[in-house]
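Residue numbers (my numbering), protein chains in the order written: chain A, -8 to 122; chain B, -6 to 527.
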Amino acid sequence: MVRVLIAKPGLDGHDVGAKVVCRALIDAGMEVIYTGLRKTPEEIARIASDEDVDVVGLSVLSGAHISLAENVMAEFRKNGIDDVMLIVGGNIPSKDYAALEKIGVAKVFGTSANLDEIAEFIKTNRGNSSR
Amino acid sequence: MSKDNGVKKVFWESGLEIDTVYDRESVEKSGGVGSIGKPGEFPFTRGIHPQMYRKRPWTMRQYSGFGTAAETHERFLYLIANGQTGLNVAFDLPTQCGLDSDDPMATGEVGRVGMAIDTLEDVEEAFADIPLNDITVSLTINGAAVPIMAMYFAMARKRGYDLRELRGTAQNDILKEFIGRGTWIFPVEHSVKLVGDTIEFCAQNAPKYSATSVCGYHIRESGANPAQEMAFALAIAMAYIDHVKARGLSVDDFAGTLSFNFNIHGNIWEQVAKFRAGRRLYAMLLKERHGVANDRAMMMRMIAGGGGGGLTIQQPENNIIRGAYYALISALGGTQTMALCSYDEAYTIPSAHAAKISLRTMQILMDEAGLTDTVDPLAGSFFMETMTNEMEKEMRKIIDRLDAEGGIVKGIETGRIQSMVNRQAYELERRIQSGDFKKVGVNEYIDEEEKTEIEFHPYREQEAKDQIARLKAVREKRDDAKADAATKALRNAAMNGKNVMPFALDAAEVLVTVGEMTKALVDVYGRYNEPVVF
């Protein structure tokens, strides 16, 4: 079963979308862990590693998505996490999609992203996980 | 929506089914109009003032703030020059979470979603030369309400204002932060204690200042329907009132320092009925539960505005139209203060241009469309009076259920309320995505070729650096012995269960920072441990 960590980095308290995505992924048959608010990139990497997840989804609505995604990727590298797919959701301006992908984000989902498409993307790209 | 004999069935978000036609009999069956009363009189169904907007039109107070105090001050002046009559202050996330701008957790967030405040000097700069009793200020601060309110009062006092005459509002509703918005700091119990301190302090020292603005708004944004929005807000208000009453204060004396903040998106009639029913139920609950006799203590004063949850990222210009209807709802609902989310707000901090359109929307309503002509214009409508009664019954049901389950504070501590509200948010999102709940431009009338030109508010790293430099300069020039003593006194007050507000004011005056004051309180209370539920 695909294991997904939905994480709220930084100080942003908008968590409706993150929790809605958690529910959608569970309904799509995945195992979902939610971090709760205000997690540092270090904490997110540690939880991802401890929980042995396949996918980490960052939810950011404060505008700080680029630096937060960079820092999470840096923590992944520092901890030798190279088999986890990072996706980002939130109110991300389309002009920033390319910058996020360059950092190593597999896919960006905007505020009105279709829930089934998010689940489909994860399944297609991590659905063959043997775990 | 299903159809019966070709006639569409209609349900409100709150779950009430709507008839095709209402008449005298519908009103009587729902409970009649015996309890609507007169405007300005118990139970205030029709509004809290006898003449309402004929005497005093609603205050216009757009939410604003970004970057440094200096930059925000400029936006304040721009809004005032354009006819805004109050200020609604946005703080950045470090300030809201009680962190100084140089805290490692603040990196990348200083001045981003609101104004950065570290010390009294920043507060002084933000409000310089603004007449505080003419342009009333609302501080959108919750977790860090104690230091920020203390700095605001210290600033007002320094400028010669008598706190007893000072008007204004602090949002300071921590219970809703645990449900939505998320700028909590301390555990639930201690958080309520701090709200109690501010209410007690204001009742005794700043009686015209609104110590807390209980927010249904963010609970609605988190997934609650309109009846729940009002019912949860009333339950939260009752929790604060119970707490302060237990200190030996008379509810008649302090309930007047409470105000409310509600959302305005959704069905027009449902929201107006929500406001009329909520105003009545609040007054009745105060009378039933606390024997309150003082009219002022039973008045639900409110800001009704925003509507962010109703706005869409698609075809953002449509949000201008939505904003106009939301403002109409707010006026028909009898609000004291109005604010609108701007059309670009689903994307970014509003541009000056977008903020001006919101302001003009409210001004057109006030000066061209006749919304200030007469008090509670929908009163006596078969439909409106029936649904006001029905909404009141629905709200009472929700409050009774909450009480039976151990109260709202317990429901928040266990995460049960958060989970319930989020389930509804999920169900609504599914209905929107399936097209069952219609949103123009989102699930119908989609514009495939759509190209929107939104001007993004720039985030300037330099301003964060400037703010940190400014904080360092204040730390260097202040009298450290005095700052340390004041911080220690604040910590001791918390330790000994005293009201911390007078000590926070002393600390603000000797330039103790938001982060230092918060840390002193965390030393005593600890931090909130979030139940991770969804």
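Note that CB positions come from ideal geometry on N, CA and C, so glycine has one too.
With 9 Å as the threshold, decide whether the Cβ of residue i is near any Cβ in chain A.
i, result
"phenylalanine 194(B)", "no"
"methionine 334(B)", "The question names methionine, yet the displayed sequence has cysteine at residue 334(B). Closer than 9 Å: no."
"glutamate 441(B)", "no"
"glutamate 170(B)", "yes"
"valine 435(B)", "yes"
"glycine 173(B)", "yes"
"proline 87(B)", "yes"
"cysteine 90(B)", "yes"
"phenylalanine 375(B)", "no"
"phenylalanine 4(B)", "no"
Taking only three categories from DSSP, how would you classify residue i?
i, result
"tyrosine 452(B)", "coil"
"proline 0(A)", "strand"
"tyrosine 202(B)", "strand"
"phenylalanine 527(B)", "coil"
"asparagine 489(B)", "coil"
"asparagine 160(B)", "Per the sequence shown, the amino acid found at residue 160(B) is arginine instead of asparagine. Of the three classes helix, strand and coil, the one that applies to arginine 160(B) here is coil, per DSSP."
"leucine 421(B)", "helix"
"alanine 501(B)", "helix"
"aspartate 288(B)", "helix"
"phenylalanine 560(B)", "With chain B covering -6 to 527 only, the question about residue 560(B) has no answer from this structure."
"phenylalanine 100(A)", "strand"
"alanine 339(B)", "coil"
"valine 517(B)", "helix"
"threonine 52(B)", "strand"
"alanine 372(B)", "coil"
"arginine 273(B)", "helix"
"asparagine 105(A)", "coil"
Looking at chain B, is there any beta carbon in it that lies within less than 9 Å of the beta carbon of residue i?
i, result
"arginine 14(A)", "yes"
"methionine 86(A)", "Inspection of the sequence shows that residue 86(A) is occupied by lysine rather than by methionine. At least one chain B Cβ lies under 9 Å of lysine 86(A)."
"alanine 19(A)", "no"
"glycine 4(A)", "yes"
"alanine 110(A)", "no"
"serine 121(A)", "Reliability fails at serine 121(A), whose pLDDT of 43 lies under 50, so the model's placement of it is uncertain and the value that follows must be treated cautiously. No - not a single Cβ of chain B is within 9 Å of the one on serine 121(A)."
"glycine 27(A)", "yes"
"serine 50(A)", "no"
"alanine 39(A)", "no"
"aspartate 107(A)", "yes"
"lysine 69(A)", "no"
"valine 11(A)", "yes"
"asparagine 116(A)", "no"
"alanine 55(A)", "yes"
"valine 7(A)", "yes"
"glycine 101(A)", "yes"
Give me, in chain order, the residues of the same chain whose beta-carbon lies closer than 6 Å to that of residue i; leave out the 5 immediate sequence neighbours on both sides.
i, result
"glutamate 406(B)", "Val181"
"lysine 238(B)", "Val244"
"methionine 223(B)", "Gly209, Lys267, Gly271, Met388"
"glycine 58(B)", "Thr65, Val82, Ala83, Gly107, Met108"
"arginine 122(A)", "Here the model assigns arginine 122(A) a pLDDT of 45, short of 50, so the residue's position is not dependable, and the following value carries that caveat. Around arginine 122(A): no qualifying Cβ."
"valine 185(B)", "His236"
Cα-Cα, which of the options is closest to residue i?
i, options, result
"lysine 201(B)", "Pro309(B), Thr129(B), Ser243(B), Val237(B)", "Thr129(B)"
"leucine 371(B)", "Val26(B), Gly241(B), Ala345(B), Met292(B)", "Val26(B)"
"methionine 292(B)", "Gly300(B), Phe268(B), Glu170(B), Asp85(B)", "Phe268(B)"
"leucine 494(B)", "Ala143(B), Lys280(B), Asn165(B), Leu125(B)", "First, the amino acid is wrong: residue 494(B) is methionine here, not leucine. Here the closest residue by C-alpha is Ala143(B)."
"arginine 105(B)", "Asp360(B), Pro451(B), Val526(B)", "Pro451(B)"
"alanine 147(B)", "Gly216(B), Leu504(B), Leu279(B)", "Leu504(B)"
"alanine 19(A)", "Pro84(A), Val(-7)(A), Leu52(A), Thr31(A)", "Val(-7)(A)"
"leucine 80(B)", "Met223(B), Leu333(B), Val3(B), Thr365(B)", "Leu333(B)"
"asparagine 135(B)", "Glu158(B), Leu113(B), Asn165(B)", "Asn165(B)"
"lysine 98(A)", "Ala90(A), Asp107(A), Ile78(A)", "Ile78(A)"
"leucine 304(B)", "Arg294(B), Tyr318(B), Ile296(B), Ala297(B)", "Tyr318(B)"
"isoleucine 17(A)", "Ser103(A), Leu91(A), Ile(-3)(A)", "Ile(-3)(A)"
"isoleucine 234(B)", "Ile257(B), Leu274(B), Gly189(B)", "Gly189(B)"
"glutamine 89(B)", "Val265(B), Ala290(B), Phe179(B)", "Phe179(B)"
"asparagine 533(B)", "Ile11(B), Thr328(B), Tyr340(B), Gly326(B)", "The shown model of chain B, from -6 to 527, leaves out residue 533(B), and the question about it has no answer."
"threonine 162(B)", "His211(B), Gln264(B), Arg54(B)", "Arg54(B)"
"leucine 464(B)", "Leu251(B), Lys512(B), Leu92(B), Glu385(B)", "Leu92(B)"
Among residues of its own chain, excluding the 5 on either side of residue i, which ones have a beta-carbon nearer than 8 Å to its beta-carbon?
i, result
"aspartate 440(B)", "Gln307, Gln308, Gly434"
Spatial neighbours of residue i within its chain, please: CB distance less than 7 Å, with the 5 preceding and 5 following residues excluded, ordered by chain position.
i, result
"phenylalanine 314(B)", "This sequence places isoleucine at residue 314(B); phenylalanine is not what is there. Closer than 7 Å at the Cβ level, and outside the excluded window around isoleucine 314(B), lies no residue."
"methionine 76(A)", "Asp45, Val46, Ala97, Asn116, Arg117"
"glutamine 264(B)", "Pro219, Ile257, Ile322, Gly326"
Query raised in the report: Considering only residues of the stretch 51 to 89 of chain A, which uninterrupted beta strand (DSSP E) runs meet the minimum length of 3 residues and lie entirely inside it, listed in chain order?
Result: 76 to 81
Query raised in the report: Fully enclosed by the stretch 423 to 481 of chain B, which alpha helix (DSSP H) runs are 4 residues long or longer?
Result: 454 to 470
Report task. Could you pull out every unbroken alpha helix (DSSP H) segment of at least 4 residues lying fully inside the stretch 3 to 43 of chain A, listed in chain order? Result -> 7 to 18, 32 to 41
Requested in this report: Go through the stretch 57 to 136 of chain B residue by residue and report every complete run of the beta strand (DSSP E) that reaches 3 residues or more, in order.
Outcome: 79 to 82, 129 to 132
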